[in-house]
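Asks: Numbered by the working numbering, the letters in the sequence shown go through residues 6 to 471 in order.
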Amino acid sequence: MIDLKQLRENPDPFIQGAAAKGVQVDIPRLLELDQQRRDLVQQQESLRAEQKKLGKETGPQIGKLKGQLKGADESSVATLEAQITELEARPAAIKQQIQGLDETLAAIEPEWKAIQLQVPQPPDPDVPRGATAEENIEIRRWAPDGWDWNASFEDNRGFAPQTHLELVKSLGLVDFERGVKVAGSRSYVLTGDGMRLHQAILALGMSHITERGFRPTSVPVLVREQAMVGTGFFPGGIEQTYHIDSDSTPGPGQDLYLTGTGEVGLMSLHADEIVDADQLPMKYATVSTCFRREAGAAGKDTAGLYRIHQFDKVEQVVIDKADEATSRAHHQAMIQAVEDLLQSLQLPYRLLQCCTGDLGTKNADMIDIECWIPGRGPEDADGRPTGEFGETHSASRLYDFQCRRLNLRYRDENGKTVFCHSLNNTVVASPRILIPILEMHQQADGSVTVPEALQPFMGGCTRIGN
Numbered sequence: 006m007i008d009l010k011q012l013r014e015n016p017d018p019f020i021q022g023a024a025a026k027g028v029q030v031d032i033p034r035l036l037e038l039d040q041q042r043r044d045l046v047q048q049q050e051s052l053r054a055e056q057k058k059l060g061k062e063t064g065p066q067i068g069k070l071k072g073q074l075k076g077a078d079e080s081s082v083a084t085l086e087a088q089i090t091e092l093e094a095r096p097a098a099i100k101q102q103i104q105g106l107d108e109t110l111a112a113i114e115p116e117w118k119a120i121q122l123q124v125p126q127p128p129d130p131d132v133p134r135g136a137t138a139e140e141n142i143e144i145r146r147w148a149p150d151g152w153d154w155n156a157s158f159e160d161n162r163g164f165a166p167q168t169h170l171e172l173v174k175s176l177g178l179v180d181f182e183r184g185v186k187v188a189g190s191r192s193y194v195l196t197g198d199g200m201r202l203h204q205a206i207l208a209l210g211m212s213h214i215t216e217r218g219f220r221p222t223s224v225p226v227l228v229r230e231q232a233m234v235g236t237g238f239f240p241g242g243i244e245q246t247y248h249i250d251s252d253s254t255p256g257p258g259q260d261l262y263l264t265g266t267g268e269v270g271l272m273s274l275h276a277d278e279i280v281d282a283d284q285l286p287m288k289y290a291t292v293s294t295c296f297r298r299e300a301g302a303a304g305k306d307t308a309g310l311y312r313i314h315q316f317d318k319v320e321q322v323v324i325d326k327a328d329e330a331t332s333r334a335h336h337q338a339m340i341q342a343v344e345d346l347l348q349s350l351q352l353p354y355r356l357l358q359c360c361t362g363d364l365g366t367k368n369a370d371m372i373d374i375e376c377w378i379p380g381r382g383p384e385d386a387d388g389r390p391t392g393e394f395g396e397t398h399s400a401s402r403l404y405d406f407q408c409r410r411l412n413l414r415y416r417d418e419n420g421k422t423v424f425c426h427s428l429n430n431t432v433v434a435s436p437r438i439l440i441p442i443l444e445m446h447q448q449a450d451g452s453v454t455v456p457e458a459l460q461p462f463m464g465g466c467t468r469i470g471n
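Take a look at the structure:
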């Protein structure tokens with residue numbers, strides 16, 4: 006949620022920011038409603054002040070007039086009674102005016118709140134302008150020694166690669182047919198060493214990030230609507246979310262939603278709190294099951310493990326003081342943590358600076374990391390994929406946007422309450438990360454070498470198959 010005071014004082018950055026992100030939102034209408042609301046509140050405050058003043062003054066005045074009425078002659082009675090009636094009527098009239106203003110406010114506030122929730126975080130000035138992910142800019146790439154980016158996998162390794170679909174079938178790592186039988190499209194069952202590898206990469210991810218000072222924390226994955234709104238996933242992302250209607254469950258309750266990331270639970274832990282500044286920064290990491298409907302993705306990556314409805318993810322969040330330089334430093338540290346992890350797995354990757362049109366509503370900046378996947382991309386003359394980058398990680402800087410919605414604050418050195426800054430990052434998401442692991446570490450005989458970093462989490466296993 007944006008700062009309304011900043012919006013009133015200087016609306017242009019918000020209008021331009023929404024345009025840069027391709028978000029359709031009527032900011033002039035929000036300002037109009039906001040002014041109406043402020044005028045109404047000011048009128049209410051004036052009336053309440055008058056009401057309070059009358060409460061102190063009219064009682065004695067009415068008492069005095071009633072005393073005069075007892076000894077008044079007939080010619081004065083009507084005048085005194087009229088004055089008493091007028092004094093008695095004034096508080097009631099003011100009360101009625103306040104109630105009328107309450108009704109007008111109640112009529113305005115739903116639209117006022119709804120538009121506020123639609124206004125995106127303006128992108129940072131140094132984020133490149135662009136309409137879609139196609140305009141993201143490569144920052145750098147890394148590959149293990151001996152990998153030539155200008156050569157094919159076959160030229161690099163001496164044999165034609167199999168896709169992960171072929172590998173998981175021949176090695177018995179995934180059962181797609183039974184997954185679909187149980188849960189429908191985009192479902193799967195990890196089996197044998199496939200499940201072991203999945204569990205190993207999650208364990209490595211948690212070990213890797215907790216060694217860097219992040220506190221392991223479990224979170225609910227079934228949450229209330231407030232958590233989704235507070236973290237910025239609603240209203241814009243509701244079509245991607247699985248919804249459990251309160252009417253479908255026994256007893257009184259609220260609608261619940263399955264989260265698509267552990268970020269929702271981690272950030273919501275401190276909603277509506279004023280935390281001690283000495284607690285900051287708070288660094289949390291969780292491993293959780295995530296759910297995404299993938300609405301609108303029909304026909305895209307329908308086969309395999311890349312785009313699925315249910316997966317597990319190690320997520321990290323940072324909550325700290327409101328300082329841009331500090332937030333930027335946290336962002337770089339998060340990215341470095343992922344690079345260290347991928348390098349330990351010997352996986353070629355690249356960093357992408359997301360353009361404004363690919364940031365989403367809540368981010369001031371976002372860096373994606375994409376691993377090289379031989380089994381994706383355009384096909385050669387024999388109908389075989391020639392390789393392509395695929396997104397596996399994303400690190401976001403949000404400043405106070407999320408914490409403002411969550412009402413998450415701290416007290417600064419002057420005792421003033423200030424909204425915190427927040428950041429989040431994918432440490433590792435599986436089974437998607439299994440795709441580059443399997444494809445990049447496959448051997449000519451069809452087996453897969455287990456990366457050295459994963460071997461301790463696989464009971465010392467060094468090879469899958471043969």
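Every residue, glycine too, gets a C-beta built ideally from N, C-alpha and C.
So which of A232, H275, K100, V323 has the shortest CA-CA distance to Y262?
Replies: For the residues A232, H275, K100, V323, the minimum Cα distance to Y262 belongs to A232.
Asks: Which residues does DSSP pair with M6 in a beta bridge?
Replies: DSSP lists no partner for M6.
Asks: Extract the residue ranges of the beta strand (DSSP E) inside the region 356-419, only unbroken runs of 3 or more that lie entirely within it.
Replies: Listed in chain order, the beta strand (DSSP E) elements of length 3 or more contained wholly in the region 356-419 are 370-378, 393-404, 414-416.
Asks: Just reading off the alpha helix (DSSP H) that F181 is part of, what are its end residues?
Replies: 181-188
Asks: A334: beta carbon under 8 Å from a heavy atom of the ligand PLP?
Replies: Ligands are entirely absent from the displayed structure, and the ligand PLP is therefore not among its contents.
Asks: Residues in the same chain with beta-carbon distance under 8 Å from D281, minus the five sequence neighbours each way, listed in chain order, please.
Replies: Y415, R416
Asks: List the DSSP bridge partners of Q315.
Replies: F296
Asks: Go ahead and pull the three-state DSSP assignment for L274.
Replies: The answer is coil: DSSP assigns L274 none of H, G, I, E or B.
Asks: Please specify which runs of the alpha helix (DSSP H), each continuous and at least 4 residues long, are wholly inside the region 416-467, giving them in chain order.
Replies: 439-445
Asks: Specify the secondary structure class of T307 as computed by DSSP and reduced to three states.
Replies: T307: coil per DSSP, three-state reduction.
Asks: Assess contact between the region 128-135 and the region 352-369, defined as three or more Cβ pairs (one per stretch) separated by less than 8 Å. Is contact present?
Replies: A contact exists between the region 128-135 and the region 352-369.
Asks: Under 9 Å, do L439 and G237 count as touching if we go by C-beta distance?
Replies: no
Asks: Using three-state DSSP, classify A127 as helix, strand or coil.
Replies: With the sequence shown as reference, residue 127 is identified as Pro, and Ala is not the correct amino acid for it. The three-state secondary structure of P127, taken from DSSP, is coil.
Asks: I need the boundaries of the beta strand (DSSP E) containing E143, first residue and last residue.
Replies: 142-147
Asks: Run through DSSP, which three-state label would A150 get?
Replies: According to the sequence shown, residue 150 is Asp rather than Ala. It is coil, neither helix nor strand.
Asks: If we ignore side chains and look at the alpha-carbon of each, how far apart do V432 and F394 end up?
Replies: A straight-line Cα-Cα distance of about 18 Å links V432 and F394.
Asks: Name the DSSP bridge partner or partners of K288?
Replies: V323
Asks: Between the Cα of S401 and the Cα atoms of D387, N430, M287, I378, which residue gives the shortest distance?
Replies: The residue with the shortest Cα to Cα distance from S401 is N430.
Asks: From D328 to H213, what does the alpha carbon distance come to, in whole angstroms?
Replies: Here the alpha carbons of H213 and D328 stand approximately 27 Å from one another.
Asks: Three Cβ pairs or more, each shorter than 8 Å: is that satisfied between the region 101-117 and the region 318-332?
Replies: no
Asks: Near E159, which residues of its chain fall below 6 Å by C-beta distance, leaving aside the five closest residues on each side in sequence?
Replies: A165
Asks: According to DSSP, is V280 part of a helix, a strand, or is it coil?
Replies: strand
Asks: Alpha helix (DSSP H) containing L178: first to last residue?
Replies: No alpha helix (DSSP H) contains L178, which DSSP labels as neither H nor E.
Asks: By DSSP, does R217 sit in helix, in strand, or in coil?
Replies: Of the three classes helix, strand and coil, the one that applies to R217 here is coil, per DSSP.
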